[in-house]
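Residue numbers (the working numbering): 7 to 392.
Even glycine gets a Cβ: it sits at the ideal position worked out from N, Cα and C.
These notes are about the structure you will find just below.
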Amino acid sequence: MDNPAATDATRTAFEDADIRPAAPTCPAGLIGGAAYAGASGPPLMIIEGLKRVFRAGERPAVDGVTLDVYEGELLALLGPSGCGKTTTLRMIGGFEQPDAGHIRMRGVDITDLPPEKRGIGFVFQDYALFPHLDVFENVRFGLHKLPRKEAAARVGEMLELVGLSDLAKRKPHELSGGQQQRVALARTLALAPPLVLLDEPFSNLDAAMRVETRQEVRALLKKSGSAGILVTHDQEEALALADRIVVMEAGKVCQIGTPDEIYRHPVSSFVASFIGRSNIVTGKAEGLGAETPFGRVELSKAVNGTVDLAVRPEQILLEPHEEGEAEVIGREYRGHDQLYWVRKGERRLLVISGPAEQIEVGARVNLRVCDCVVPINQDIQSLIAE
Ligand code: ATP
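In C-alpha cells, the structure reads:
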C-alpha cells in the first residue's frame, strides 16, 4: 500500500499530513450564525445559554449552547463523541433538565415542561417500534385521542407519505432497517409536531442504506413541514442533510452555518479539520494575499499579519516536474478521486486530485493553490484589514 497513513483514512491522514492539532477549545465569539435562508418568519425555537453539569467540579457536558431553529428547517448538531450533542437534544426534548438557560418555542418558555407537554416529536436511535404491533398499529399508536376513523385516515396518509402503504400489515421484524426508520418517522409525523428530534437516526443502517435513507428522511421532513434537529457525528451526513449545521466541541458551539459556510469558511482549525480535511499552514498576510509555503495565495478575507490558513486538499494542484519543489510520498486510489501525500522540505501535505492523472510515488511535483484559502486564527478579528 502506498498510503503512509496507517489505519483510519480520515483521521490519520490529518495526523500524517503536516498540520497542527486542532485547537483544544472553540474560539470565543466566532460562531458565525447566519439565519436560515429559508426562514419565512421568526425562529420556531430559541435556545439561550443552555448548560448541563452532570458532576459538580467537572467540565459541563453542555456549556452555554445558544442557537435557533426555524419553521421547517433541518438543523444538524455535529461534533465528536462526548461533545454534548445528545445531552443538548435531550434537554430540548425535555428528557434532561438544564442547570441554566432557556428554551422557547413559538414564544413560549418550555424549559420546565415535561416531554409530553412540549409537542415535540422524537425518533429514537433504535426506532422503538412495538414488535407485536404491525406497521399500521405502530403508526396509529400515538393517535388514541382521535376518533377511530380519523386516526385510520391519518395513518393511511402517513404511510403514503413514507411510501409504506403496501407493508401496513407487516411486523417490524419483517422490515428492513430503512423501512423501520420510515415507520418510526411516520409514527412521529402523524402527530404533526412542529419539531422532530432525531438522535443518530441512521446509525443502525449499513453505508449504502444510510445514503439512501437520509435523503428520504430529508424529503419527508420537508414534505411534512416539520422542522428537525438531528444529532450526528458523521460530517458527511450533516453536510448532505442539513440546512444549517451547528458544530460543537467540548460542550460549546464552535460555529453555526450552512454546509457551504462551514466547509468553505471554517472559523477555527478544529472546524477546518473536523469537517472535511485541511492542511493548516502559516502565512504572512497583507490584505487579500499571503506568502505561504505554497508561494503567494489569495485569501477569502483581507487580513494583516501572521495567519493560520486552512488549505483544503482539493485546493492544491500537483504539477509533475523533474525538479519539482515536493516529492510524492504516498498515494491512495479511490475511484472517484485520489489522495496524495507529498513532502515539501520538512512538511507533509495531503492533496486530493481527480482520478485521471496518476502520479507515481517518488515523483517530483510543484504545488499550486488554485482557490482562495481561509484564515482561521483564533484572534482573527484583530487581524482583519481595514
Ligand atoms: P456521542 O456522539 O458519543 O453520543 P455526545 O456528543 O452525544 O456523544 P453526550 O452524550 O451529550 O455527548 O455526552 C456529553 C458528556 O456528558 C460526555 O462526557 C458524557 O460522558 C457525559 N454524560 C452524558 N450523560 C451523562 C449522565 N447521565 N451522567 C453523567 N455524565 C453524562
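1) When you compare only the Cα positions, how much space is there between residue 91 and residue 371?
2) Kindly indicate which residue of 219, 292, 291 and 200 has the alpha-carbon position closest to the one of residue 126.
3) Excluding the five sequence neighbours on either side, which residues of its own chain have a C-beta within less than 6 angstroms of the C-beta of residue 302, listed in chain order?
4) Just how far apart, CA to CA, sit residue 220 and residue 173?
5) What are the residues that DSSP puts in a beta bridge with residue 58?
6) Between 243, 380 and 252, which lies nearest to residue 308 when the distance is taken from Cα to Cα?
7) Give the secondary structure of residue 232 by DSSP, where H, G and I count as helix, E and B as strand, and everything else as coil.
8) Please name the residue, chosen from 227, 256 and 358, that lies closest to residue 187 on a Cα-to-Cα basis.
9) Write down the C-beta distance between residue 236 and residue 207 rounded to the nearest angstrom, noting that I regard them as a contact closer than 8 angstroms.
10) For ligand 1, list every residue whose C-beta falls under 5 angstroms from any of its heavy atoms, going in chain order.
11) Comparing alpha-carbon positions, which option in 64, 56, 140 and 66 lies nearest residue 99?
12) Look at the alpha carbon of residue 216 and the alpha carbon of residue 183, and state the distance between them as a whole number of angstroms.
13) Using the Cα positions of residue 212 and residue 48, report the straight-line distance between them to the nearest angstrom.
14) Taking residue 74 as the reference, which of 250, 177 and 128 has the closest Cα?
15) Given a threshold of 16 other Cβ atoms within 10 Å of its Cβ, counted over all protein chains shown, does residue 94 qualify as buried or as exposed?
16) Does the segment 102-113 come within contact of the segment 50-64, defined as at least 3 CB pairs closer than 8 angstroms?
17) Quick check on residue 69: buried or exposed, where buried means 16 or more other Cβ atoms within 10 Å of its Cβ?
18) Just to confirm, are residue 88 and residue 255 a CB contact at a threshold of 7 angstroms?
19) Quick check on this structure: which residue in 191, 351, 321 and 353 has the alpha carbon closest to the alpha carbon of residue 359?
From the atom records:
1) Just so you know, the alpha carbons of residue 91 and residue 371 end up roughly 43 angstroms apart.
2) Of 219, 292, 291 and 200, the residue nearest in Cα terms is 200.
3) Residues of the same chain with a CB within less than 6 angstroms of the CB of residue 302, apart from the 5 flanking positions on each side, are 295 in chain order.
4) Between the C-alpha atoms of residue 220 and residue 173 there is a straight-line separation of about 20 angstroms.
5) Assignment of beta-bridge partners to residue 58 by DSSP yields 68.
6) Comparing Cα-Cα distances from residue 308 to each of 243, 380 and 252, the minimum goes to 380.
7) Coil.
8) When C-alpha distances from residue 187 are compared across 227, 256 and 358, the shortest belongs to 227.
9) The beta-carbon separation of residue 236 and residue 207, rounded to 7 angstroms, stays under the 8 angstroms limit for a contact.
10) This criterion selects 60, 67, 87, 88, 89, 90, 91, 92, 93 and 239.
11) Here the closest residue by C-alpha is 56.
12) Distance between the alpha carbons of residue 216 and residue 183: 9 angstroms.
13) The alpha-carbon atoms of residue 212 and residue 48 are separated by roughly 38 angstroms.
14) The option with the nearest alpha carbon to residue 74 is 250.
15) Residue 94 is classed as buried because its beta carbon has at least 16 other beta carbons within 10 Å across all chains shown.
16) At 8 angstroms Cβ cutoff, the stretches touch.
17) Label assigned to residue 69: buried.
18) It is not a contact, given that the beta carbons lie outside the stated cut-off.
19) It is 321.
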